[in-house]
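Residue numbers (the working numbering), protein chains in the order written: chain A, 372 to 510; chain B, 372 to 510.
Read the structure below first, then the notes.
Number of protein chains: 2
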Amino acid sequence: MLLGTEIHLTPGDPGQEQFSISDLSQEFDVTTRAIRFYEDEGLLEPRRKGRRRVYTVRDRVRLKLILRGKRLGFSLSEIGDIITMYDSEPGEAGQLHYFINKISARRTVLKQQRDDIDVTLNELDAIDKQCRKTLARLP
Amino acid sequence: MLLGTEIHLTPGDPGQEQFSISDLSQEFDVTTRAIRFYEDEGLLEPRRKGRRRVYTVRDRVRLKLILRGKRLGFSLSEIGDIITMYDSEPGEAGQLHYFINKISARRTVLKQQRDDIDVTLNELDAIDKQCRKTLARLP
DNA sequence: TGTTAAATTGACGTTTACGTAAACGGAAAT
DNA sequence: ATTTCCGTTTACGTAAACGTCAATTTAACA
């Protein structure tokens, strides 16, 4: 029995449970090189069938988290920290305090970013209106 | 008469109108090297007194815009585009349409970022609560 | 007026996040 | 069975954004 047929039972199936690297590459518009790089950096660890990478739904979620982090301008190292928060299994008290502090710090950054965004959006809004106003007074 | 005394009339004065590179460096916690680099990239163009850079209030505002853009993860090139929007003098119709489109595109990105931030904040909130809950059940 | 202290200009080094190309191994299709 | 993909590894290249000297110049202060 061929391994590939297991992976690609129903390509494009919404209930798909296994993904090839090019599946993910196409779905999220990211190169296979980048996906492999994220693995090198410890952000992904897909199973293997022989040499080939096989991504689960969980891996796919992780990739989504990575890309979201990138959109927010975080470094891969920071993204790794964030993913670790998501993955944390209820451990000992020290670990939990550590995570709570990490989460708090991250939230501070995110809130600052949101403030920056709001300010910028308002300013761009004003500039946009000014442009349209000027435009309306032209021939 | 010494030039320096003109620049540093009242160091730390809230109504200060001229700044040295180290003034800005200290105020915004950014290295002088970075500030010079932004100039190399065309994002700043301070006047000179002799060889020394003299920054005006306007230059300082620009630096603030640069740092805000950095916090949002934009490249210096993107930040340059944004600053250009702020600086735009009412020009001809073509220019105005061009800017309006640029602004629109930038707003789309900013809104996506804000959504990403909101989602992330909510998720971190949930994780935080989970952590505290687990903590409360420990010795 | 000599001596620090701050600023400038190169120039080279570094980190991050991939791009790109080569060379090879399986798998799929014909 | 063989061409044709797709995937893998390895390795070198690269753009962005500075860091880090070193060598000078200029300024401020004792």
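Quick reminder that beta carbons are idealized off the backbone N, C-alpha and C, glycines included.
7 Å CB neighbourhood of residue i in its chain, flanking five on each side removed
i, result
"Arg431 of chain A", "Phe390 and Leu395"
"Asp499 of chain B", "none"
"Lys473 of chain B", "Asp452 and Met456"
"Asp486 of chain A", "none"
Residue nearest to residue i in terms of C-alpha spacing, selected from the options
i, options, result
"Asp458 of chain B", "B:Leu414, B:Ser475 and B:Lys482", "B:Leu414"
"Arg433 of chain B", "B:Glu410, B:Arg419, B:Ser446 and B:Gly444", "B:Glu410"
"Gly444 of chain A", "A:Val428, A:Ser475 and A:Ile488", "A:Ile488"
"Glu463 of chain B", "A:Arg418, A:Thr505 and A:Glu388", "A:Thr505"
"Pro510 of chain A", "B:Ala507, B:Val480, B:Lys482 and B:Gly465", "B:Gly465"
"Val480 of chain B", "A:Leu481, A:Val480 and A:Thr491", "A:Thr491"
"Arg508 of chain B", "A:Pro461, A:Lys482 and A:Asp486", "A:Pro461"
Supposed close pair residue i, residue j - CB separation, criterion 8 Å
i, j, result
"Gln364 of chain B", "Arg478 of chain A", "Shown here, chain B extends from 372 to 510; a query on residue 364 of chain B therefore has no answer."
"Leu467 of chain B", "Cys502 of chain A", "5 Å"
Alpha-carbon to alpha-carbon, residue j and residue i
i, j, result
"Phe527 of chain A", "Leu438 of chain A", "Missing from the structure shown is residue 527 of chain A; chain A here goes from 372 to 510 and no further."
"Arg424 of chain B", "Ile392 of chain B", "7 Å"
"Met372 of chain B", "Arg422 of chain B", "Unreliable positioning characterises Met372 of chain B in this predicted model, as indicated by a pLDDT of 30, which lies under 50. A coordinate reading is not provided."
"Gln387 of chain A", "Val428 of chain A", "8 Å"
"Ala476 of chain B", "Leu495 of chain A", "11 Å"
"Arg419 of chain B", "Asp400 of chain B", "22 Å"
"Asn493 of chain B", "Glu412 of chain A", "26 Å"
"Glu398 of chain B", "Tyr426 of chain B", "13 Å"
"Gly440 of chain A", "Phe408 of chain B", "26 Å"
"Pro417 of chain B", "Ser446 of chain B", "21 Å"
"Lys482 of chain A", "Lys482 of chain B", "14 Å"
Cut-off 6 Å between Cβ atoms - residues of its own chain near residue i, not counting five sequence neighbours on either side
i, result
"Thr403 of chain B", "Ile392 and Ser396"
"Ala497 of chain A", "none"
"Leu374 of chain B", "Bear in mind that a pLDDT of 36 at Leu374 of chain B, under 50, signals an unreliable position, so the model cannot answer this."
Own chain residues within Cβ distance below 8 Å of residue i, not counting five before or after
i, result
"Ile406 of chain B", "Ile392, Leu395, Ser396, Leu415 and Leu434"
**Asked** Using 8 Å as the Cβ pair cut-off and three pairs as the minimum, do the segment 446–456 of chain A and the segment 439–455 of chain B touch?
**Response** Between the segment 446–456 of chain A and the segment 439–455 of chain B there are fewer than three inter-stretch CB-CB distances shorter than 8 Å, so the stretches are not counted as touching.
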